[in-house]
Structures are given as C-alpha cells and as structure tokens.
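Peer 1: Before I ask anything, let me first share the structure, which is written out below as structure tokens.
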Amino acid sequence: MSNDALRASYESRFIGAGYDVLSRLVFAPVGGLDELRDEALDLAAIARGERVLELGCGTGGFTQRLLARGAEVHAVDWSGPMLKVARRRAPRATFEQAEITSFQPTERYDRVLFAFVLHELDADDRAHALAVARSALRPDGTLLVVDHALAAQGLVPRAVSRVVHGFEPTTLTSWLDGLVDEVARAGFHPAPRHPLARGTAMALMAYRCQDEAREGDNR
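For what it's worth, the numbering used here labels the leading residue of the sequence shown as 16, then goes sequentially.
What follows is the structure, given as structure tokens:
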C-alpha cells in the first residue's frame, strides 16, 4: 500500500471500528492483542503518576491501558476518525490531532510511546518522528517502540507474519532491518528487542543519551 493510499484509508469514517477488528483478528492466533499490549507495558514498568506522550495513538488501545496503570497520557494522532474512537475509549487522556513528524511538544515527559506506527513512515519521516520523541523526553526519560516483527519459528506465527507483511506498507521491511541503527542515530541507547505475540511483534526500550542532553532539557 502506498503512503497516499494509507493516509486516505486512515481518514475514512470506517477506519476506527475496522482497525480494531482487524488488529484483534491478526493477533488472536498468537495470544491476543490485549495480552500483547500488557506485556509491552509490563516491560516498560511504567509507574503511577508518570507522564507519557503517545505518538500515533490510533484508536486508543494502548492509551486505555496506560491510564489503567495510573499514567498521565498525552496522545497524538493525525487521523480524526481514529481519535474519535480513542476519545470514547480513554476519556481521561489528553488528545491532540497533529502530525507526529512535526508535533512540537511544549512539556517534558517521562516516557514516549510509538505503537504500531513507525513502520508506516519512510526513513526521513521516521527520523523526524524520533527527533520529536527525543525532544519531548526528560534527560532520564525512555522511549518504548512496539511494532510488528517477522516470526522465525512456529507455523502459526510465521503465517501471521506473512499476512501482516502482505498488507502493511513496504516501509515495514526497511524499518525492521534498520530499527536499532535508526533509534541510535536519533540520540538513544537502544536495549535488545523483546519478542511479543510469539515473535510476530516486538518491543524495544531505548534510553535518551545523557551526553547529548542539553542544559535546558531538565525543565
């Protein structure tokens, strides 16, 4: 799917409900979407009261779970139909409609989350989005990336991965190949990838490089 076609699909009034149904169907054979989300957030160990910026919140599935863990969430997405669903699902979050590649944070956050969004961007836009994330984080803040992966073992996981790679944009492959390097170039220390949903997805924690932190970033 081209970027233009992808963008048009996310502006469709049908995308909100359809996205959730499709996502649940995809991950049902490998443990379930809710379980995937919980495992990713367990890995991040987000504490009550932490401030989280979610870039590309979609229909608010992760937003809802972040709130349940006591986080304060500022969620950003450019799709109006998806935000409409997200606001109903997680009314206590702060939502904003904006491009995640050019969003200008006015505050600092303990965590930034990208969930199933960076693979939809080309390399230049990913670099811009990661720069936004870094600028939004406190000097000791952390980045959490959750995205698709290519399962290497198991008949069912490999079949799920083939389906996902069949309908996701071609940028998914380049993102997975260069993930660690791209995150490092953006000013983070990436930790090893953590497999989710029997290897069909992954989570990656990355820590903001302290030696690049500017004096004014501690506000």
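Backbone N, C-alpha and C fix where the C-beta goes; we use that ideal spot for every residue, glycine too.
On a predicted model such as this, the values are computed, not experimentally measured, just so you know.
1) Looking at C-alpha atoms only, which residue of A55, R63, G169 and G181 is the closest neighbour of A86?
2) Which of the three DSSP states is assigned to Y222 in this structure?
3) For the beta strand (DSSP E) containing G95, name the first residue and the last one.
4) Consult DSSP for E135 and reduce its assignment to one of helix, strand or coil.
5) Contact defined as beta carbons within less than 8 Å: I believe F118 pairs with V161. What is the distance between those atoms, to the nearest angstrom?
6) Nearest to G76 by CA position, among P172, V127, I61 and M97, is which residue?
7) Provide the residue span of the beta strand (DSSP E) that contains R123, from first to last.
8) Does DSSP classify P154 as helix, strand or coil?
9) Taking the straight line between their C-alpha atoms, what separation do you get for Y124 and A90?
10) Alpha carbon to alpha carbon, how far is L128 from F110? Give it in angstroms, no decimals.
11) To the nearest angstrom, how far is it from the Cα of A167 to the Cα of R173?
12) Just to confirm my understanding: we take L40, look at its own chain, exclude 5 residues before and 5 after, and list those with CB closer than 6 Å. What are they?
Peer 2: Taking the geometry as given:
1) R63
2) strand
3) Taken as a continuous stretch (DSSP letters only), G95 belongs to no beta strand (DSSP E), being part of the alpha helix (DSSP H) at G95 to R104.
4) helix
5) Going by Cβ atoms, the distance from F118 to V161 rounds to 19 Å, so no, they are not a contact pair.
6) M97
7) It is not in any beta strand (DSSP E) - R123 carries neither H nor E in the DSSP assignment.
8) strand
9) 12 Å
10) 14 Å
11) 6 Å
12) none
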